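Remember, this note's numbering sits 12 above the position in the sequence shown when you count from 1. Backbone N, C-alpha and C define an ideal beta-carbon position, used for all residues, glycine too. None of the values given here were measured: they were computed from a predicted structure.
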Amino acid sequence: MATQSDDNLPVSDASSSLIGRHLEIDHHHSAFTSTFSSATDWRYENGRRYHSYDDGTYHLPNDEEELDRLDLQHEMWRMTLKGALYWSPIPETTQSVLDIGCGTGCWAIEFAETHPNATVVGTDLSPVQPDFVPPNCSFLVDNAEKDWAFSSKFDFIHARMLCMGMHDWPHFLHQCWTNLQPGGWLELREIAFPWGSVEDTPIEESPLLKWSDMVREGAARAGIDTVACLSFEDKLRDLGFIKIKKEHVQWPLTPWPKGSLEKKLGAYAQENLRSGLQGISMAVFCRHLGMTRDEVELNLYEARKDMNDPSKHYYAPM
């Protein structure tokens, strides 16, 4: 989470940190409007559907199975934040909000509903947001790694789980800095690969942890740093952000914790991973590790068996 002060010193908080669907487009952003027709010319590969706008930038699919998973993941973040949408101390007078990589639009829509005086814009490579949204909420097809073309700055910028599509974090963070109003806030929430276990199980002894390290390796070959979030604090401070708050949390990947909330989060995470293993893996492993679809599925079979072992206590660093 981060912010800009009223003295033009941005304050930063690095927190642990469609077909049949309608896209509302702000026609002031002419750079975006021409992309809509081509943005739904999906790429189909190995049984999954992927975005076509700036094809190959993001490595997870955008089909219905993945959209359902993203909705579940949104609930996991709400649980992690104890029911809140954000932790940045934004004022009630916040007027303009940007949600980057908005996915199904859950966060942007809920923010718009609870802040009717704010204008909320969500951007994503895929126009997969619902037909009906609050009147103060709109969505744009956009690649957040390119230069932004907004006509005005934002009071609050929110970005979550961009890891598998972000190749140039310094440029992205600089874009956030230059598009924030003085005194504005930035909230980032990310995941890192590889994952770990309470028992410090060596990666080579765990099919699930080995899978997570293969994600790291494949992403690295695609130019993606899956531990970039661990250095957000320094990058934000170098840009001039102040009031930086960093938090590290661990998502249990099965219901192994004893606390009721943590156990529930683990159950959600288990389902999130069960439905997401293939989507996270297929493009990265086939495009960048040279694996066939059958080889990927065999790898996932072993990872799922390991994930379901009740004696293991795995977690994902956030």
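Check: Pick helix, strand or coil for LEU149, following the three-state DSSP scheme.; Outcome: Before going on, a small fix: residue 149 reads as Cys here, not Leu. DSSP places CYS149 in strand when its eight states are reduced to three.
Check: Given a threshold of 16 other Cβ atoms within 10 Å of its Cβ, counted over all protein chains shown, does LEU72 qualify as buried or as exposed?; Outcome: buried
Check: Please identify the residue among CYS114, PRO147, ASP136, LEU137 whose C-alpha is closest to the C-alpha of THR126.; Outcome: PRO147
Check: Give the straight-line distance between the Cα atoms of MET319 and GLN193, rounded to the nearest whole angstrom.; Outcome: 44 Å
Check: For GLU36, which three-state DSSP category applies?; Outcome: Model confidence at GLU36 stands at a pLDDT of 34, short of 50, so the residue's coordinates are unreliable and nothing is read from them.
Check: If we ignore side chains and look at the alpha-carbon of each, how far apart do MET173 and PHE123 end up?; Outcome: 17 Å
Check: So, under 8 Å CB-CB, TRP54 and HIS86 are touching, yes? Tell me the CB distance rounded to an integer number of Å.; Outcome: With 8 Å as the limit, TRP54 and HIS86 do not qualify as a contact, their Cβ atoms being about 22 Å apart.
Check: Say whether the segment 294-311 touches the segment 93-102, bearing in mind that this needs 3 or more beta-carbon pairs closer than 8 Å, one atom from each stretch.; Outcome: no
Check: Using CA coordinates, which residue listed in GLU77, TYR70, LEU221 is at the minimum distance from HIS179?; Outcome: TYR70
Check: Could you work out which residue in THR106, GLN262, GLU157, GLU283 is closest to LEU82 when comparing CA atoms only?; Outcome: GLU283
Check: Starting from the C-beta of LEU84, find all residues in its chain whose C-beta is less than 6 Å away, skip the five residues before and the five after it, and write them out in chain order.; Outcome: ASN284
Check: On the DSSP bridge assignment, give the partners of GLY208 in chain order.; Outcome: TYR327
Check: Excluding the five sequence neighbours on either side, which residues of its own chain have a C-beta within less than 8 Å of the C-beta of PRO267, listed in chain order?; Outcome: LYS275, LYS276, GLY278, ALA279, GLN282
Check: What residues in its chain sit with their C-beta under 6 Å from that of ASP321, if we drop five residues either side in the sequence?; Outcome: none
Check: Mind checking whether VAL132 and TYR65 have CB atoms under 7 Å apart?; Outcome: no
Check: Using the C-alpha atoms, what's the distance from GLU78 back to GLU104?; Outcome: 34 Å
Check: Label ASP80 either buried or exposed according to how many other C-beta atoms from any shown protein chain fall within 10 Å of its C-beta, with 16 as the threshold for buried.; Outcome: exposed
Check: Tell me which residues share the same chain as ASN58 and place their Cβ nearer than 7 Å to its Cβ, disregarding the 5 neighbours each side in the sequence.; Outcome: MET294, CYS298, ARG305
Check: Based on the DSSP secondary-structure assignment, which residues constitute the bridge partners of PRO264?; Outcome: TYR327
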